[in-house]
Amino acid sequence: MNSTAASVHPSADMLYANTDFTQLNWLEMQWVNWYLWIGNPVIATGLMSFLLHEIVYFGRCVPWIIIDSIPYFRKWKLQPNKIPTAQEQWECTKQVLFSHFMVELPVIWLFHPLAEAFGMATWQVPFPSWRHQLPQIAFFFVFEDMFHFFAHQALHWGPLYKHIHKIHHKYSAPFGLAAEYAHPAEVMILGTGTIAGPLLYCWFRRDLHIFTVYVWITLRLFQAIDAHSGYDFPWSLQHIVPFWSGAEHHDFHHMAFVNNFSTSFRWCDRLFGTDKKYQEYRARIDKMKKLNLSKEEFEKMERKMIAEAEQEGLRAEAEVEAYSLTGKKKTA
Ligand SMILES: [Zn+2]
Ligand SMILES: [Zn+2]
Numbered sequence: 098m099n100s101t102a103a104s105v106h107p108s109a110d111m112l113y114a115n116t117d118f119t120q121l122n123w124l125e126m127q128w129v130n131w132y133l134w135i136g137n138p139v140i141a142t143g144l145m146s147f148l149l150h151e152i153v154y155f156g157r158c159v160p161w162i163i164i165d166s167i168p169y170f171r172k173w174k175l176q177p178n179k180i181p182t183a184q185e186q187w188e189c190t191k192q193v194l195f196s197h198f199m200v201e202l203p204v205i206w207l208f209h210p211l212a213e214a215f216g217m218a219t220w221q222v223p224f225p226s227w228r229h230q231l232p233q234i235a236f237f238f239v240f241e242d243m244f245h246f247f248a249h250q251a252l253h254w255g256p257l258y259k260h261i262h263k264i265h266h267k268y269s270a271p272f273g274l275a276a277e278y279a280h281p282a283e284v285m286i287l288g289t290g291t292i293a294g295p296l297l298y299c300w301f302r303r304d305l306h307i308f309t310v311y312v313w314i315t316l317r318l319f320q321a322i323d324a325h326s327g328y329d330f331p332w333s334l335q336h337i338v339p340f341w342s343g344a345e346h347h348d349f350h351h352m353a354f355v356n357n358f359s360t361s362f363r364w365c366d367r368l369f370g371t372d373k374k375y376q377e378y379r380a381r382i383d384k385m386k387k388l389n390l391s392k393e394e395f396e397k398m399e400r401k402m403i404a405e406a407e408q409e410g411l412r413a414e415a416e417v418e419a420y421s422l423t424g425k426k427k428t429a
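For the record, in the sequence shown the residue sitting at position 330 is 427 according to the working numbering, with numbers rising by one throughout.
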């Protein structure tokens with residue numbers, strides 16, 4: 098290969114000239130084969146990143162689409178009166194796909210050069226051990242959660258809400274596919290929280306492999322899709338790890354418009370007091386559960402509470418939208 102790319106990046110077989118293949122596990126061998134097969138590390142990384150995102154995103158959504166179609170699971174639906182229709186899910190899928198190809202694909206393509214500039218290992222094998230990866234991934238989770246907490250609140254500020262974040266709030270009862278249903282600017286702003294952690298870590302420590310970033314992105318996608326699923330099962334993670342947010346936390350944000358701005362953990366909202374309304378709501382539901390109501394009575398009261406929270410949310414949303422830069426609020 099005599100192209101300019103070849104002078105910047107060595108050809109794939111040269112990359113592995115000093116690699117002892119007998120020491121590699123199955124996954125590492127597949128990794129090597131992929132880079133050898135594609136032949137150009139920039140294209141190989143770009144394509145793998147894009148495919149990973151598509152496969153994990155839609156793959157994780159499939160179980161939730163099935164669960165939505167089975168009435169048995171309704172008893173664990175957080176807003177049981179709102180089941181997304183097939184039409185709604187299809188419309189959402191089209192929008193998400195459009196944004197994946199038009200916004201994320203070009204950005205993902207830039208990721209390999211960016212990763213290399215920050216000193217990240219990409220084509221290299223073997224992968225770091227899981228003991229090495231674990232604290233790095235924990236750091237990415239904490240960094241992203243804090244970044245998202247502040248950026249998400251900024252998106253609830255009048256002008257940013259009206260022009261950007263309103264799209265994501267289209268669904269007051271979200272479902273898995275709606276996790277990435279958002280304005281392109283929001284995808285970029287909030288996506289920064291996911292990517293900046295690894296880049297910063299890499300910049301200061303110079304010992305990060307893109308494989309670890311893939312594990313992190315997979316877990317982050319699971320987190321985002323599950324948080325939008327609309328279901329709280331007895332076996333959901335938040336019942337095992339009490340500071341994990343889960344669907345129960347984020348569903349309230351979509352239903353009531355206020356409170357619960359973070360992604361993975363509950364501590365930021367607790368610390369800054371942005372979960373007060375949510376706490377009150379949960380306390381009322383728990384009290385209701387202790388009243389020995391019949392199933393019908395409970396459902397009736399729950400629906401009433403959901404409707405109230407939603408009405409209050411609509412008022413809060415109208416207030417945010419009425420904000421004008423001149424400082425005066427337009428009266429509705
Ligand atoms: Zn929001
Ligand atoms: Zn959301």
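Even glycine gets a Cβ: it sits at the ideal position worked out from N, Cα and C.
* Asked: For the alpha helix (DSSP H) that Met126 lies in, which residues bound it at each end?
  -> Unbroken alpha helix (DSSP H) run through Met126: Trp123 to Ile135.
* Asked: Whose C-alpha, out of Leu133, Val153, His325 and His197, is nearest the C-alpha of Pro281?
  -> Minimum Cα distance to Pro281 is reached at His197.
* Helix, strand or coil at Thr101 [DSSP, three-state] -> Note that Thr101 has pLDDT 43, beneath the 50 cutoff, so the model's placement of it is unreliable and the number below is only indicative. Judged by DSSP in its simplified three-state form, Thr101 adopts helix.
* Asked: So, helix, strand or coil for Lys259, using DSSP?
  -> Here Lys259 sits in helix by DSSP.
* **Cα-Cα separation, Lys387 to Gly290** => The straight-line gap from Cα to Cα measures roughly 40 Å.
* Asked: Taking the alpha-carbon positions, what's the Val417 to Phe358 distance?
  -> Their backbone Cα atoms lie some 15 Å apart in a straight line.
* What are the residues that DSSP puts in a beta bridge with Trp341? -> Answer by DSSP bridge pairing, in chain order: Phe362.
* Asked: For ligand 2, which residues count as neighbours when the test is a C-beta closer than 6 Å to any heavy atom?
  -> Qualifying residues come out as His265, Pro271, His325, His347 and His351.
* Asked: ligand 1 heavy atoms versus the CB of His253: any closer than 7 Å?
  -> Flag set: Cβ of His253 near ligand 1.
* In whole angstroms, what is the alpha-carbon distance linking Asn99 and Trp313? -> Any reading at Asn99 is ruled out, since the residue's pLDDT is 42, under 50, leaving its predicted position unreliable.
* Mapping DSSP to helix, strand and coil, what is His253? -> In this structure, His253 counts as coil in the three-state DSSP scheme.
* Asked: Secondary structure at His306, three-state DSSP: helix, strand or coil?
  -> Strand at His306.
* Asked: If you draw a straight line from the C-alpha of Tyr420 to the C-alpha of Asn356, how long is it?
  -> Spanning the two alpha carbons is a distance of roughly 19 Å.
* When Arg157, Gln186 and Thr142 are compared against Ser166, the one with the closest alpha-carbon -> Selected option, being the one with the closest Cα: Gln186.
* To the nearest angstrom, report how far apart Pro177 and Val222 are at their CA atoms. => Counting only the Cα atoms, Val222 lies some 48 Å from Pro177.
* Could you tell me the distance, in whole angstroms, from the CA atom of Asp372 to the CA atom of Ala279? => Taking the straight line from one Cα to the other gives about 23 Å.
* Are the segment 192-210 and the segment 138-148 touching by the rule of at least three beta carbon pairs closer than 8 Å? -> Two segments are said to touch when three or more pairs of C-beta atoms, one from each, lie closer than 8 Å; by this definition the segment 192-210 touches the segment 138-148.
* If Ala353 and Gly410 are in contact, beta carbons under 8 Å, what's the gap, nearest whole angstrom? -> Confirmed, about 4 Å.
* To do: With DSSP as the reference, please indicate the residues paired to Lys174 in a beta bridge.
  => The partner list for Lys174 (beta bridge, DSSP) reads Tyr328.
* Asked: Measuring from the CB of His336, is there a heavy atom of ligand 1 at a distance below 7 Å?
  -> Because no heavy atom of ligand 1 lies under 7 Å away, the Cβ of His336 does not count as near it: no.
* Asked: Would you call the segment 107-125 and the segment 212-228 in contact, with 3 or more CB pairs under 8 Å?
  -> Yes, the segment 107-125 is in contact with the segment 212-228.
* Asked: Which two residues bound the contiguous alpha helix (DSSP H) that contains Val159?
  -> Start and end: Pro138 to Asp165.
* Asked: Quick one: what does DSSP say Ser420 is sitting in, helix, strand or coil?
  -> Residue identity differs from the one stated: residue 420 is Tyr in this sequence, not Ser. Secondary structure at Tyr420: strand, using DSSP grouped into helix, strand and coil.
* **Any alpha helix (DSSP H) of 4 or more consecutive residues that is wholly inside the segment 368-418** => Listed in chain order, the complete alpha helix (DSSP H) runs (minimum 4 residues) inside the segment 368-418 are 373-386 and 392-418.
* Span of the alpha helix (DSSP H) around Ser196 -> DSSP places Ser196 in the uninterrupted alpha helix (DSSP H) bounded by Ala183 to Ser196.
* **First through last residue of the alpha helix (DSSP H) which encompasses Leu202** => From DSSP, the alpha helix (DSSP H) with Leu202 extends over Leu202 to Trp206.
* Asked: By the 10 Å Cβ neighbour count, where 16 or more other Cβ atoms means buried, how is Tyr258 classified, buried or exposed?
  -> Tyr258 comes out buried.
* Are at least three pairs of beta-carbons, each pair with one atom in the segment 137-144 and one in the segment 155-173, less than 8 Å apart? -> As far as the Cβ criterion goes, the segment 137-144 does not touch the segment 155-173, which means the pair count is below three.
* Asked: Going by Cα to Cα distance, which pick from Lys267, Arg171, Gly216 and Val159 is closest to Tyr298?
  -> It is Gly216 whose Cα lies nearest to the Cα of Tyr298.
* In chain order, what residues of the same chain have a beta carbon less than 7 Å from the beta carbon of Trp364, not counting five sequence neighbours either side? -> Closer than 7 Å at Cβ, skipping near neighbours: Phe340.
* **Cβ shell of Phe330 (< 6 Å), same chain only, five flanking positions each side left out** => Excluding sequence neighbours, Phe330 sits near Trp173.
* Asked: Run through DSSP, which three-state label would Ala270 get?
  -> In this structure, Ala270 counts as coil in the three-state DSSP scheme.
* Which residues does DSSP pair with Ala218 in a beta bridge? -> Ala218 is bridged to His306.
* Does the separation of the CB atoms of Pro271 and His351 fall below 8 Å? -> Yes. Within cutoff.
* To do: Counting only the same chain and skipping the five closest in sequence on each side, list residues whose C-beta sits under 7 Å from that of Ala486.
  => Given that the chain is displayed from residue 98 to residue 429, the structure contains no residue 486 and the question cannot be resolved.
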